[in-house]
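Below you'll find the structure, written out as structure tokens, and then a few comments.
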Amino acid sequence: MERDFLRDGREADDLSELEDGMVQVMRTIYDPEIPVPIWDLGLIYGWTIEDAPEADGKDVTVKMTLTAPNCPAAETLPAEVEQGVNALEGVAHAKIDLVFVPSYSMEMLSDEARLTLGFM
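Numbering follows our numbering, with no gaps: position 113 of the sequence shown is 351.
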């Protein structure tokens, strides 16, 4: 199963229990310079969930970006996402696909993030 939030938006109403757990994890992870969860910043572009061939559970690949390629949190944010998703029940292995195309823009902010940051 593949989700592309850039194409389909983040307001999917058919998330599986695992996907819902992944969103909850990403709502607890903050960019250290911005007081908004990475989910609401729009840093998560999507994910792929597949049956794990050698273990019980699912293999998850999270496609994410950073606010800038030279972001000071480049070492910590992807690791936090990977650890958080790996800790979810039903996940055999999680990995991060860090991408910079398309480039991050403020248009990716959720309404909640816009309100928190004073853009609404």
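Ideal Cβ positions, reconstructed from N, Cα and C, are used throughout, including at glycine.
Residue ranges of uninterrupted beta strand (DSSP E) with 3 or more members, entirely inside the region 264-343 and ordered along the chain, are 282-289, 296-302 and 329-336.
In the structure shown, the three-state DSSP call for E249 is coil.
Between the region 290-301 and the region 341-353, the count of Cβ pairs shorter than 8 Å is below three; the stretches do not touch. Note: D258 is not bridge-paired with any residue in the DSSP secondary-structure output. Taking all protein chains shown into account, P316 has 16 or more neighbouring C-beta atoms within 10 Å of its C-beta and is therefore buried. D269 and D246 have their C-alpha atoms spaced approximately 24 Å apart. Short of 7 Å from the beta carbon of E320, and not among the five residues preceding or following it, lie these beta carbons of its own chain, in chain order: A332, K333 and I334.
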